[in-house]
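Accompanying notes for the structure given below.
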Amino acid sequence: MKDINSGKELVNKIKSFIKNYDFEIIASEGKSELTRFAESYIHQNVAETNLNLIVKVINEDRIAAVGMNSIDDHTISKNIEKAIEVTKIAPKLDYHYQLLKPQSYKIKSKYSKDTANFNPLNRAQLVSQLIKEVNKREYEAAGAFKTEESTLLVANSEGVFAFDRRTKVDFNCVITRDNSTAHASFIDSDINNFNMNKITDELLRTALKNVEQIEIDPGVYTVILSPEAVSEILNYTSYTAFNGKTIMEGKSFVCHNQGKKIFPETITVSDDPFDELTMPIPFDLVGYPREKIDLIKNGVIKDGVYDHLTALKYNRKCTGNTLPPEQASFGALPFNLVMKEGSNSVEEMISSTKKGIYISRFHYVNILNPMSVQLTGMTRDGTFLIEDGKIVRAIKNMRFNTSVVDMLKAVDMISKERQTKPGFIGPAVTPYLRTNNFTFSSKTSF
Amino acid sequence: MKKILKNILDWLELKVSYADLRFVQTEKENIEVENGILSSYNISTDRGVGIRVLADGAWGFAASNNLDKASLQETAAKALDIARASALTKKEDVRLAYEDRHIDTYITPITKNPFQINPTEKIDLLVKATRMMLKDKVKKSEGSLSFYKTHKIFVSTEGSELEQTIFESGGGIVAYAIGEGDFQKRSYPSSFGGDYATRGYEFIEEMNLLENTERIAEEANQLLVAPPTPEGITDIVLGGSQLALQVHESCGHPVELDRVLGKEISYAGGSFLTLDKLNNFTYGSPEVTIVADATVPGGLGTFGYDDEGVPASKSYLVNKGKFVGYLMSREDALKLGLKSNGAARAENWNRIPLVRMTNVNLLPGNLELDKLIGDIKEGLYLDYNKSWSIDDKRINFQFGTEIAREIKNGKLGKIYKNAVYQGITPGFWKSCDGISSEKYWHVWGLPNCGKGQPDQGMHVAHGTSPARFRKVKVGASK
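Protein sequences appear in the order of chains B and E. Residues 2 to 447 (our numbering) make up the first sequence, in order. Residues 1173 to 1650 (our numbering) make up the second sequence, in order.
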């Protein structure tokens, strides 16, 4: 399934086995390679080639899905037979399952031949360069450097045929020396945009400041969040609040706040595959074309994102956010989370802060209360005290228990600069944020 | 398949200092029902081979779903190339702790093969259970069942040849009471997917799902109108299900030796249980003894051999409060001059073995549950996890639970919602002054332990019985 023609052959093969039943298929194939390092040497280094075919058989509103990673005739026919048998005994859905009609697609994923051809030696050489530089300052490096190439095919018996190929570079690193640490990450489709010198500088700059950390008391603080920290907060928020299924079930903060202006005018968050900094995903896993969906616009709560099943069940419009069948019960997630930029520089945000805290990164974030979007988590790899407009000291890691709703209500500065950071599905594009309401609940000592 | 693997091994033999090949084939069946309607029925088969080599003193690993001999030879050559690239940064040659050569087979003992149970029976069970929970404000109910059959073949240049067939069964139900601006959930037998074991369909039958629908639906309804858990410092009893996750996060992960050595520091984090603390640190009170035991019958972390070909074993991690042992792979064990205790596990054929939990069990005490609760004047009984978070050294933790019950003068009282408790790991375990007896002990299966890059989900378990902790900070999520 390396190209459109082999994708078409696969669809025809499945058609010949399924005969009179409706079907949907998702097929993906690719190679993924990852070099992992710690204590300044490569300790794990792996490569994988695999494919995955999921065939969903639909028999008068009775549905069963079969997955396989071999596509020889025997495996496909045997599995399809199993699925057909299950649809004969499965209870019917309580709504009519309608297949998507053929669509056209406005965008493509990004693909880089250089990323696809990047090999273990290329990755090891760059890691070696990083290690040499940080070792000079007596730091050790740990992280992961992944390059991958994949194709995705989504089709159905109504004639939907969506084919896409993409590449991805995903790098993250922590450097450590005693209690001094720093973290950096990079995500893109093109290895040519990866700059190890820039990442090394960023790591050392943060780490050299993150020394002799002091303890501060828990409480409510003004904080400046890095794009990485903002991405983490927004991904968890969209997971718990902007999933259309939980909205329909009355289990989301959005249910009782839709259409209300809750946040400052400057807050706009969307699922936007067209943003110039994102890695676009062109269609969802039933073949809906992806579109821009506003979740929060100029401070007003708009709506969530909807998958095909939820849209059919509740008579809503699918927003192109359908997940694979094994995650169908969850509902939907934004694929390309984007927060609109503000007008401030990061330097302005810091220099205008009388007393506050700069947060580089969070660790182990989780949802405490879905209805108030209260999250918990720890700070990590660089938390700094700001006094009179300057970063003055590093702070020991703290636990936060904070409501994202309260936090966003109190945002008063957003940076013009935005960065592409890892997200739950596709990457998130996020700026720096300053908020005057962020609650730390405990410090760490024993 | 074994013959092809051995051919590849022969080809590799002169080029490497060590190699192992793993063929893994997994059949999976997953059924999900919501409000009496089948929402998802998925079956899948997945198979492939992972080839791990030590060449030029460094690791390389390549894996493929393509099983013909020529493709596997290409995969082996790729693994060699990768090892040579890894060697570019090596500080010293990787060496492995000695392990005997093993030639053996292992099959999970089961009574009822879950794949031979008619899907109708499984679907009907969930349809009934989820319908029975729809009472009053319970507007949403969920039920799920999952079954796995994993066949593994392991061969190594040290001459080990192992075949294992592991069956796993699991599932559970959830009731959601939904009100204006709030919802509360109750799960059974455990939260986040239920309970799992290396057992057959008999495990599902013994869960008595239908018999518990009414109770959890009622509790969900009560929680919706319950007051929030009061804030303060108080004595608590953790029920077995919540205690399983407490053991997982605050003991299971920090005793993983690869974390201690810094191998996970960029992602999952490190550990406060540094090498200087081994046999030299008070982790908990004398009541607290924790073992890693991959031999417990039915435990979700039970197997014959780990994915480096090391036999399943039982070893002490914490003995009467003293920190005495790590979970180890062969490579990491040698750094302490030890043998592996069989804790290197890979999620699938396309992942390398990492140090993982098996069944990490808090051994039972000798108290009746009545006595455990009876010695508390004022406190809380907390159970069924709702939220979890812990720092990158596994010290500062916070958990939320589905339900809290007041304890007053030794008796259980009213229900509170949105309970949260937090603590510092060693202080918390030192405050444990009572563990209930074997009668209340159960091995809880957790099918979703995450670690590593690329991500690896692992099936692990924790034997626990309810335990008492003094002076714990509690409150409510807001």
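Backbone N, C-alpha and C fix where the C-beta goes; we use that ideal spot for every residue, glycine too.
Counting only beta-carbon atoms, is residue i nearer than 8 Å to chain B?
i, result
"residue 1356 of chain E", "no"
"residue 1210 of chain E", "yes"
"residue 1235 of chain E", "yes"
"residue 1394 of chain E", "no"
"residue 1206 of chain E", "yes"
"residue 1348 of chain E", "yes"
"residue 1312 of chain E", "yes"
"residue 1575 of chain E", "no"
"residue 1505 of chain E", "no"
Might you give, ordered along the chain, the residues of its own chain that have their beta carbon closer than 8 Å to the beta carbon of residue i, omitting 5 neighbours on each side?
i, result
"residue 1412 of chain E", "1555, 1612, 1613, 1614, 1616, 1636, 1637 and 1638"
"residue 1405 of chain E", "1643, 1644, 1645 and 1646"
"residue 1190 of chain E", "1225, 1226, 1268, 1328, 1329 and 1330"
"residue 249 of chain B", "311, 314, 315 and 317"
"residue 421 of chain B", "188, 189, 278, 279, 280, 428, 429 and 430"
"residue 1565 of chain E", "1426, 1441, 1442, 1443 and 1444"
"residue 210 of chain B", "383, 385, 392 and 395"
So with CB distances below 8 Å, who are the chain E contacts of residue i?
i, result
"residue 298 of chain B", "Going along chain E, no residue has its Cβ under 8 Å from residue 298 of chain B, so there is no contact; the nearest lies around 23 Å."
Can you list, in chain order, the residues of its chain with a C-beta nearer than 7 Å to that of residue i? Leave out the 5 residues immediately preceding and following it.
i, result
"residue 1624 of chain E", "1526"
"residue 1493 of chain E", "1454, 1455, 1456, 1457, 1458 and 1460"
"residue 1176 of chain E", "1241 and 1244"
Just tell me which of the options has its CA closest to the CA of residue i.
i, options, result
"residue 280 of chain B", "B/339, B/2, B/118 and B/83", "B/339"
"residue 206 of chain B", "B/366, B/48 and B/383", "B/383"
"residue 375 of chain B", "B/293, B/240, B/79 and B/14", "B/240"
"residue 1549 of chain E", "E/1277, E/1620 and E/1580", "E/1580"
"residue 159 of chain B", "B/23, B/106 and B/315", "B/23"
"residue 1400 of chain E", "E/1631, E/1593 and E/1255", "E/1593"
"residue 50 of chain B", "E/1231, E/1248 and E/1498", "E/1248"
"residue 222 of chain B", "B/73, B/234, B/385 and B/89", "B/385"
"residue 379 of chain B", "E/1440, E/1423, E/1370 and E/1266", "E/1440"
"residue 1243 of chain E", "E/1512, E/1569 and E/1221", "E/1221"
"residue 409 of chain B", "B/387, B/268, B/31 and B/390", "B/268"
"residue 460 of chain B", "B/402, B/224, B/422 and B/96", "Past the boundaries of the shown model lies residue 460 of chain B; chain B is included only from 2 to 447, so the question cannot be answered."
"residue 1516 of chain E", "E/1561, E/1466 and E/1563", "E/1466"
So that I know if they touch, is there some Cβ in chain E lying closer than 8 Å to that of residue i?
i, result
"residue 232 of chain B", "no"
"residue 340 of chain B", "no"
"residue 368 of chain B", "yes"
"residue 198 of chain B", "no"
"residue 157 of chain B", "no"
"residue 83 of chain B", "yes"
Can you pull the chain E neighbours of residue i, defined as C-beta to C-beta under 9 Å?
i, result
"residue 174 of chain B", "1438"
"residue 97 of chain B", "The premise fails here: residue 97 of chain B is roughly 13 Å from chain E at the closest Cβ pair, so nothing lies under 9 Å."
In its own chain, which residues sit with a C-beta less than 6 Å from the C-beta of residue i, not counting the 5 before and 5 after it?
i, result
"residue 1520 of chain E", "1196"
"residue 172 of chain B", "146 and 187"
"residue 273 of chain B", "293, 337 and 339"
"residue 356 of chain B", "388"
"residue 295 of chain B", "271 and 303"
"residue 1265 of chain E", "1229"
Can you list the residues of chain B that residue i reaches, using a CB-CB cut of under 7 Å?
i, result
"residue 1253 of chain E", "121"
"residue 1560 of chain E", "367"
Find the residues of chain E that neighbour residue i, judging by a C-beta separation of less than 7 Å, and give them in chain order.
i, result
"residue 87 of chain B", "1213 and 1291"
"residue 112 of chain B", "Those do not exist, as residue 112 of chain B stays about 21 Å from chain E at its closest Cβ, beyond 7 Å."
"residue 90 of chain B", "1291 and 1292"
"residue 35 of chain B", "1625 and 1626"
Chain B partners of residue i, CB-CB under 8 Å?
i, result
"residue 1261 of chain E", "38, 41, 42, 43, 125, 128, 129 and 132"
"residue 1219 of chain E", "70 and 71"
Which bits of chain B does residue i rub up against, with CB to CB less than 9 Å?
i, result
"residue 1230 of chain E", "42, 43, 44 and 46"
> Does the stretch 250–259 of chain B touch the stretch 1182–1192 of chain E, meaning 3 or more C-beta pairs lie closer than 8 Å?
Replying inline: no
> Would you call the stretch 344–354 of chain B and the stretch 420–435 of chain B in contact, with 3 or more CB pairs under 8 Å?
Replying inline: yes
> Is it a yes or a no for the stretch 194–210 of chain B touching the stretch 132–140 of chain B, going by three-plus beta-carbon pairs under 8 Å?
Replying inline: yes
> With contact counted as at least three CB pairs below 8 Å, one residue from each stretch, are the stretch 1504–1522 of chain E and the stretch 1429–1441 of chain E in contact?
Replying inline: yes
> Between the stretch 1541–1558 of chain E and the stretch 1438–1449 of chain E, are three or more C-beta pairs nearer than 8 Å?
Replying inline: no
>> Under 8 Å, with one C-beta from each stretch per pair, do the stretch 1293–1311 of chain E and the stretch 1201–1210 of chain E reach the 3-pair mark?
In response: yes
>> Using a Cβ distance threshold of 8 Å, determine whether the stretch 1334–1353 of chain E contacts the stretch 1369–1389 of chain E, with at least three qualifying pairs required.
In response: yes
> With a cut-off of 8 Å, do at least 3 Cβ pairs link the stretch 1346–1362 of chain E to the stretch 1379–1399 of chain E?
Replying inline: yes
>> I'd like to know if the stretch 1274–1288 of chain E and the stretch 73–85 of chain B are in contact, where contact means that at least 3 CB-CB pairs between them fall below 8 Å.
In response: no
>> Tell me whether the stretch 162–181 of chain B and the stretch 45–62 of chain B touch, counting them as touching only if at least three CB pairs, one residue from each stretch, are closer than 8 Å.
In response: no
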